[in-house]
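What follows is a short report on a single structure.
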Amino acid sequence: MEQKGVFSPWHWQVMGLFFVTILKLASAQLRYSLLEESEPGTLVGNVAKDLGLNTAGISERALRLGSEQSQQYFALNLETGSIIVRSRIDREKLCGTNVNCVLPVEIVLEKPLELYRLEIEILDANDNSPVFQNVERTIKITELAAVGTRFPLEKAQDPDLGSNSVSSYKLSQSKYFSLNVQSRKNERPSPVLVLDKALDREEQAEHKLILTAFDGGNPPRSGTSLITIIVIDQNDNAPVFDNAFYKISLKENVRLNTLVIRLNATDKDEGLNGKISYTFEDILSEDITNVFSLDSETGEIRLKGQLDYEKHNSYEISVKALDHGTPEMGGHCVIQVDVEDVNDNAPEILISSVVSSIPEDTPPGTTVGLLRVSDRDSGRNGEVQLEISPDLPFSITSTQNHYSLVTHGLLDREHTNQYTIVLQATDLGDPQLTTQTAINISVTDVNDNPPSFERSVVNVDIKENNKPGALLCAVSASDKDFGENAHITYSIINSLFNGSPAMSFIYMDTQNGNIYAQQSFDYEQAQVLQFTIRAEDSGTPKLSSNITVYLHILDENDNQPLILYPGNSRQAPAQNPVPRSLPAGSLITKVVAIDADSGYNAWLHYNIAKATDLSLFKVAPHTGEVRLARNFQEMDSPVQNLFIVVKDNGSPSLSSTATLLISLEDGSPKEGHYSTDLLSEAKQSPNVTMYLIISVVAISVVSFVTLIILLTKCLRNKQQITNPEMNQYIGHSHKTLQLNPNSTLRYMEVSMMPGSQQNQYSKTGGSSDINRDTLNMMKSLNFPQLKQLVNQSDDVISGHFEWRDTAQVR
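So the sequence shown is residues -28 to -1, 1 to 782, counted in mature numbering (1 follows the signal peptide of the UniProt record, and there is no 0).
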């Protein structure tokens, strides 16, 4: 085996340029020689050794053959790194008559990805003997043929090249004939039969000759052909061509039926002996007769098959002209047709290696494919330029018609999950020919996108007294990633309600984001519940985002009015003595009631449902004050029963009934009479007096605190006017001081404010047109409940009182 390494200065320059690139594609080229027909397993060369790889490096860098053609004829011994023959190589079948027969072989290494180009020259072996197309041939020669007449003989064919091809001929011994071998430059020798002695048919009508062809191999091979010479009489002049040799050039893309040449031969004889017909020599191969046609009468040679410079760049056509005499005589000529190359072969793009997918975080400059281009044409027709489709994050780098496909931009699977890279190879011929091929590379996902909600805050309304397990709402997040990176689970984080974890109030389905009630909510206990939901993907590392949910509990009319006075006694109601002399409009008593609900549900309405005399008393519908509707008359019953219904404004409306027993007394009211009774009652019930004093003090404190809060809020609103973003909300503020149904005093301000996680959100009853996300509710200011100040037993406010003060209490 012969090993050659070519390291010219330009090779070193290319190698230096290459190592600047990322691919590290080998520019120096190894060259081996191999004799054709070598047995499978024959060692070609140790490529690992020549590339400087040790035994461990062979497996670590995944040494392999790159192209299918390389794998067809050769194999790699992965233990030694040697290239061996996989199957027999027939040089003549592989390269035909080309002088140089070189098989390109690609060696691919990984970690990092490298490509080495090898050339294996297939050396010719003398494995073919010369062969004549016609083993036997008959030649008719008139006895009048002149001495020295020459008769072209069939050339022997030998697929071998160089010295292994046909090099000489030998003719068997004859006194009439000799052999002349003609040799032209770059042409195989041509045997010519020469008449050395005049023929005499009467002496010998037939001659048998054996033509032997020898090649130049060692040892030489040979082939024979039997030539039978038949001597004929008559016709003593043979046709003669204008020229014995013609040379013509044709472009390979000329159209069929194109005239190649019009031959002309003349014969000095007359009549049939002077009439000439043209025909191909029977020694021509089918490669010629399939491409050219000859008109036997006109001598025109035309093109009947397509020329192909890449298959045959030259043809040698032997033509003979025969007269019609008896015996017929002929003349001979040779036409050499040279084929000129035209750009009729499109470039080829051969992909050696390419990855099918890459992660989206692949850095720019990463090699993802190796490829090369070729063109069967020659000269500029075979020079190729390779281009890549624009506007893609990929580019190509080249080294001697070998290219690397590399990334040159950032990838984003969420933007583009697959790229179709179109490569276009264009030669420099005229006209230019182009070939395109597409490479599909998919981009695999990396967890680079957290889950996202459509908004950061969600407001949900639910009526109190809901059923446990009821669906409150559903939150949903989306993730631009794919697969596990986009699989989202939900959870509740860092949320406490009145010191209790959120999970004691609500339950969340971690897979679909549904939120359910764990228990029935009570508006009177809590109006707004705030909790944070986290959406987390399943990627590595995990990414997450949060959303705040405000659960607004809406009040229902689930509490009936509670009557504080008169107290609900299981015994008969206490009598309230009233003098008959009281004028109309006097305050008799007052029904005091509260409702634990809020808003419309806590608005109370007082009405006399039944009375001994409906015309005698009237009740204020909003305050519960019972007054004398007219003056007493003698006919009025001394005992009057009043049944006062207290209804709330809810739907459906709930009510309670207070029973009053009023006794009429004769006589005029005395000054200080009722005050004396009050004092006496106060002595009997010292607790009531104390409670009333505490109530007065509490109301004073509440009024003072309320005034301070209102001043503070006014000053704060004045400061907010300077904020342009808040100006639009200044006119949407509503401040109220409200007596709650649970007997607490609450200051409430409802204003249009930008949403914030620091605010508590609420929705007032019936205001469906207000944006839920912009309602800001301050916390309640709770004061001692009236229930704590007033004893709820039957003795509470159960004395004989006379309400002399006519002012309304609201």
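Beta carbons are placed, not taken as given, at the ideal position from N, Cα and C, and that holds for glycine. These figures come from a predicted structure and were not determined experimentally.
DSSP three-state call for residue i: helix, strand or coil?
i: N373; result: coil
i: A565; result: strand
i: K452; result: coil
i: E697; result: Residue confidence is low: E697 scores 39 on pLDDT, short of 50, so the model does not pin down where it sits. No coordinate-derived value is stated.
i: S424; result: strand
i: N613; result: strand
i: P658; result: Summary for P658: the model assigns pLDDT 43, below 50, so the residue's position carries little reliability; its value from the coordinates is reported in the next sentence. It is helical.
i: F(-22); result: Caution applies to F(-22), whose pLDDT of 40 falls short of 50 and renders its modelled position unreliable; the model cannot decide the point.
i: G622; result: coil
i: T482; result: coil
i: N437; result: coil
i: A574; result: helix
i: F469; result: strand
i: G29; result: helix
i: P403; result: coil
i: F477; result: coil
i: Q145; result: coil
i: L6; result: strand
i: A293; result: strand
i: S54; result: strand
i: N457; result: helix
i: A34; result: coil
i: F589; result: strand
i: E300; result: coil
i: E40; result: helix
i: V430; result: strand
i: V164; result: strand
i: S675; result: helix
i: L683; result: helix
i: T716; result: Since pLDDT at T716 reaches only 43, below the 50 mark, its modelled position is unreliable, and no value is offered.
i: A670; result: helix
i: S463; result: strand
Could you tell me how far apart the beta carbons of residue i and residue j are, in whole angstroms, since I believe they sit closer than 8 Å?
i: Q308; j: E288; result: 5 Å
i: V19; j: I55; result: 5 Å
i: S194; j: F252; result: 27 Å between Cβ atoms; not a contact.
i: E8; j: L151; result: Going by Cβ atoms, the distance from E8 to L151 rounds to 31 Å, so no, they are not a contact pair.
i: C73; j: A216; result: Actually they are not in contact, since the Cβ atoms of C73 and A216 sit about 35 Å apart, beyond 8 Å.
i: D608; j: L636; result: 7 Å
i: L183; j: Y141; result: 6 Å
i: I465; j: T504; result: 5 Å
i: L75; j: Y45; result: 7 Å
Using CA coordinates, which residue listed in the options is at the minimum distance from residue i?
i: N421; options: L342, N262, H459, V618; result: H459
i: D451; options: I199, V432, S424; result: S424
i: N419; options: I55, V447, E436, D453; result: D453
i: E178; options: E115, N486, L682; result: E115
i: N613; options: T379, V598, S472, D620; result: V598
i: I434; options: V521, N389, L35; result: V521
i: G441; options: N466, I30, M480; result: M480
i: N317; options: K180, D347, E258; result: D347
i: F366; options: L322, N412, V356, D402; result: N412
i: L85; options: A237, R33, I94; result: R33
i: S257; options: L358, I360, E224, E126; result: E126
i: N531; options: N621, Q176, G277, S361; result: N621
i: P624; options: H380, P555, N529, Y537; result: N529
Over what stretch of residues does the alpha helix (DSSP H) that includes residue i continue unbroken?
i: T200; result: Run containing T200: none in the alpha helix (DSSP H); it sits in the beta strand (DSSP E), 194 to 204.
i: S628; result: Where S628 is concerned, there is no enclosing alpha helix (DSSP H), although the beta strand (DSSP E) it sits in stretches over 627 to 637.
i: V418; result: No alpha helix (DSSP H) holds V418; DSSP gives it neither H nor E.
i: Q605; result: Per DSSP, Q605 belongs to no alpha helix (DSSP H) and is neither H nor E.
i: A20; result: 19 to 22
Can you tell me where the beta strand (DSSP E) with residue i in it begins and where it stops?
i: I255; result: Counting along the chain, I255 falls outside any beta strand (DSSP E), and DSSP gives it neither H nor E.
i: T398; result: 390 to 399
i: E597; result: 597 to 600
i: D168; result: Taken as a continuous stretch (DSSP letters only), D168 belongs to no beta strand (DSSP E), as it is neither H nor E.
i: A185; result: 178 to 187
i: A47; result: 46 to 49
i: P551; result: 547 to 551
**Report entry** Length-filtered (3 minimum) beta strand (DSSP E) runs lying within the segment 62 to 141
**Finding:** The qualifying runs are 74 to 81, 86 to 95, 108 to 114, 122 to 124.
**Report entry** Segments of 3+ residues assigned as beta strand (DSSP E) that fall wholly inside the segment 485 to 537
**Finding:** You should have 486 to 489, 500 to 509, 516 to 526, 534 to 537.
Query - Entirely enclosed alpha helix (DSSP H) segments - the segment 210 to 283, minimum 4 residues - result: As far as the segment 210 to 283 is concerned, its whole alpha helix (DSSP H) runs of at least 4 residues are 258 to 261.
Query raised in the report: Which whole runs of the beta strand (DSSP E) in the segment 302 to 364 are 3 residues long or more, in chain order?
Result: For the segment 302 to 364, whole beta strand (DSSP E) runs of length 3 or above, ordered along the chain, are 302 to 312, 320 to 326, 329 to 331, 339 to 346, 356 to 360.
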